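Enquirer:
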Amino acid sequence: MIEARGLVKRYGPTTAVDHLSFDVRPGTVTGFLGPNGAGKSTTMRMILGLDRPDAGTARVNGQSYHDLRWPLRDVGALLEAKAFHPGRSARAHLTALAASNAIPRGRVDEVLEITGMATAADRRAGKFSLGMAQRLGIAAALLGDPAVLLLDEPVNGLDPEGIRWIRGLLKNLAADGRIVFISSHLIGEVAQTADQLIVIGRGRLLAQTTVAGLSARGSSLEEAFFQLTEASTEYSAHYTPRSVS
Amino acid sequence: MTTATLTRAASRSRGRYGFRTVARMEWLKLRSVRSTWWILLVLAAGLIGMAILVMAHEHWTTMSAVDRASFDPTNNSYWGLAIGQLAIGVLGVLTVTSEFSSGMIRATFAAVPRRPLVLAAKAAVLAAVTLVAGEILAFTAFAIGQAVLKSPAPHATLGQPGVLRAVLMAGAYPALIALIGLGLGALIRHTAGAISAVVGVLFVLPLILGQLGTSVQHAAEKFVPMLIAENSLTAVKPVPHALSPGLGLGLLVLYAAAALAAGGWALVRRDP
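Heads up: the sequence lines are chains A and B, in that order. Remember, my numbering sits 36 above the position in the first sequence when you count from 1. Remember, my numbering sits 243 above the position in the second sequence when you count from 1.
(1) Could you check if Pro397 (chain B) is buried or exposed, using at least 16 other CB atoms within 10 Å of its CB as the buried criterion?
(2) For Ala156 (chain A), count neighbouring Cβ atoms within 10 angstroms of its own Cβ and tell me buried if that reaches 16, exposed if not.
(3) Just checking, does the stretch 458-469 of chain B make contact with the stretch 366-375 of chain B on the three C-beta pairs under 8 Å criterion?
(4) Does the beta carbon of Ala210 (chain A) fall short of 7 Å from some heavy atom of the ligand PLP?
(5) Helix, strand or coil: how does DSSP classify Thr66 (chain A) here?
(6) Leaving out five residues on either side along the sequence, give the residues of the same chain with a beta carbon under 8 Å from the beta carbon of Thr245 (chain B).
(7) Considering Cα atoms alone, identify which of A:Gly152, A:Arg61, A:Gly180 and A:Thr50 is closest to Gly213 (chain A).
(8) Give the residues of chain A in contact with Pro515 (chain B), contact being defined as C-beta atoms less than 7 Å apart.
(9) Verify whether the separation of the beta carbon atoms of Ala421 (chain B) and Gly332 (chain B) is less than 8 Å.
(10) Give the single residue among A:Asp90, A:Gly48, A:Leu194 and A:Arg81 whose Cα lies nearest to the Cα of His55 (chain A).
(11) Answer yes or no: does any C-beta atom of chain B fall closer than 8 Å to that of Glu149 (chain A)?
(12) Interface residues of chain B around Ser136 (chain A) at Cβ under 7 Å?
(13) Among A:Ala52, A:Arg171, A:Phe58 and A:Val44, which one has its Cα closest to the Cα of Leu34 (chain A)?
(14) Could you work out which residue in A:His102, A:Thr51, A:Pro71 and A:Ile83 is closest to Ala94 (chain A) when comparing CA atoms only?
(15) Start and end of the beta strand (DSSP E) containing Asp59 (chain A)?
(16) Determine, using beta carbons only, whether Lys272 (chain B) comes closer than 8 Å to chain A.
(17) Below 8 Å between beta carbons is the criterion; list the residues of the stretch 432-466 of chain B that meet it against any residue of chain A, in chain order.
(18) What residue range is occupied by the uninterrupted alpha helix (DSSP H) comprising Arg311 (chain B)?
(19) Output the distance between the C-alpha atoms of Pro395 (chain B) and Ala134 (chain A), rounded to the nearest integer angstrom.
(20) When we look at the beta-carbon of Phe262 (chain B) and count the other beta-carbons within 10 Å, is it buried (16 or more) or exposed?
(21) Quick check: the Cα distance between Ser275 (chain B) and Ser125 (chain A), rounded to an integer number of angstroms?
(22) With DSSP as the reference, please indicate the residues paired to Gln232 (chain A) in a beta bridge.
(23) Checking contacts by CB at 8 Å: is Glu189 (chain A) closer than that to chain B?
(24) When you compare the CB of Val368 (chain B) with every CB in chain A, is at least one pair closer than 8 Å?
(25) Would you list the one or two residues that DSSP bridges to Val111 (chain A)?
(26) Could you check whether Ala418 (chain B) and Gly377 (chain B) sit closer than 8 Å to each other, using their CB atoms as the reference points?
(27) Taking Leu374 (chain B) as the reference, give the member of B:Lys393, B:Ala499, B:Tyr416 and B:Ala363 with the closest Cα.
(28) Within a Cβ cutoff of 7 Å, which residues of the same chain sit near Leu178 (chain A), ignoring the five residues on either side of it in sequence?
(29) With DSSP collapsed to three states, give me the class of Glu342 (chain B).
(30) Between which two residues does the alpha helix (DSSP H) containing Ser77 (chain A) stretch?
(31) Return the CA-CA distance between Thr434 (chain B) and Ser341 (chain B), expressed in angstroms with no decimal places.
(32) Residues of chain B with CB under 7 Å from Thr265 (chain A), in chain order?
(33) Could you tell me which chain A residues have their CB closer than 8 Å to the CB of Val276 (chain B), listed as they occur along the chain?
(34) Can you check whether the CB of Leu104 (chain A) is closer than 8 Å to the CB of Gly180 (chain A)?
(35) Check the Cβ of Met347 (chain B) against every Cβ in chain A and list those closer than 9 Å, keeping chain order.
(36) Quick one: using the 10 Å Cβ neighbour count with 16 as the cut-off for buried, is Asp188 (chain A) buried or exposed?
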């Protein structure tokens, strides 16, 4: 389980994440939704121990990320496309990351197969299209065969075939009993794969609900999402978090 | 799948990532980018090229008595360190700043949350590679330098007092500059800014000190890395106003340790 408790992150006068608490459970895909700038990426970085929260804690499987013994074998993360040295091949990038957590070399070939990157494995990663870069990022997340996956905007840059592929992949990973936590600013896209939703706006929790639960709030899913996030902007000063399930 | 999951869970509980696994990652990173090999090639070209250029043009017969007295055929084989130090300082900088510019640093820290361990592994791998390259090139530059030096100029041999020590220290100098570059890179994060800092320390500082009159020069220059290399590490005949070789080497080690400590502090303190 991923547990966020009272997470706060400030950048100077702006509060990017504002007392955010939620749980992400295994076995389903959980969508992390909010408009651009809502604090999704910052929250994910705090869960991964990359950004230090100004207050609050994040735990993965009951542990602080910093205390994990083999982080890549517990948690796989995709934070941004092209987070690799442009001069290094896809294979070299994955081989280096695998070595840090004593993941066998054979696993590199496996994740290259799974993500359809086997034929591009020895090309310099800087030449990759956004879609290929995204696939390489997903390959890196899968390296340790982790029980927890955090993917920030995983659909970004993928072509229709790639989108279909990743939807299937995410559902299968969740069906294995894993935690699959994906962020997006597009409710329509998330609804294709996720069952559970965590919706934030301006760094605050707006709703922890299901796709069906959110859909029931408005004439359509998009309309319900729009109303929810619009309210967060308009009434942010008087807002009190709700939880709907 | 359940069995597989259980096996996974069991294997997870044993051991932990540590210096060995992280150093292996850093070695794989360092060797898999072309810039590493280009920079080592520049170091080789600088050291060997300058040894040939300088040593082939020593004209003993036309030298004054003063010049003959101070002529040091070991020291003169290492003018190339002035070029090489820039290349190798850049290598140290890039080892960490290239990760910040690409975003790779977040993948690295997600794989290895203990950031000082990442810097220690980077430092160890970088020091090992640059020390091996530096020593091989120092011996090569020495051998070639003596070979192209025309008689009757006196030649140096490794058996003469202080010569082997000077050659070994010449080979160690690039590794220490690489570590200073790595520390500054971790502190500054931006490639251009960190390279500017390296150039400042290596080249601009001696230029400024050169303008401040001989008393300041004599008091301060001995602490500047490039002049420690020229007047302390690689000198067989003692140079006035210079540190002893041992003290010079110790001071460079201290500089590298200070740069790495500052870099490590910044890595822990600031979000990547």
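Just so it is clear, CB atoms sit at the ideal spot from N, CA and C, and this is done for glycine as well. Every value quoted in this text rests on a predicted model; they were computed, and no experiment measured them.
Expert: Let's see:
(1) exposed
(2) buried
(3) no
(4) Looking for the ligand PLP in the displayed structure turns up nothing, as the structure carries no ligands at all.
(5) strand
(6) For Thr245 (chain B), the pLDDT reaches just 41, beneath the cut-off of 50, and the residue's location in the model is therefore unreliable, leaving the point undetermined.
(7) A:Arg61
(8) Leu86
(9) yes
(10) A:Asp90
(11) no
(12) Tyr260, Thr264, Val265, Met268, Ala354 and Val355
(13) This structure leaves residue 34 (chain A) out entirely; chain A is present only between 37 and 281.
(14) A:Ile83
(15) Thr50 to Val60
(16) yes
(17) none
(18) Ala308 to Ser313
(19) 59 Å
(20) exposed
(21) 8 Å
(22) A:Thr66 and A:Thr246
(23) no
(24) no
(25) A:Val184
(26) yes
(27) B:Tyr416
(28) Gly112, Val147 and Ile150
(29) helix
(30) Lys76 to Ile83
(31) 7 Å
(32) Those do not exist, as Thr265 (chain A) stays about 26 Å from chain B at its closest Cβ, beyond 7 Å.
(33) His121, Gly123 and Arg124
(34) no
(35) Ala119, Phe120, His121, Arg124 and His129
(36) buried
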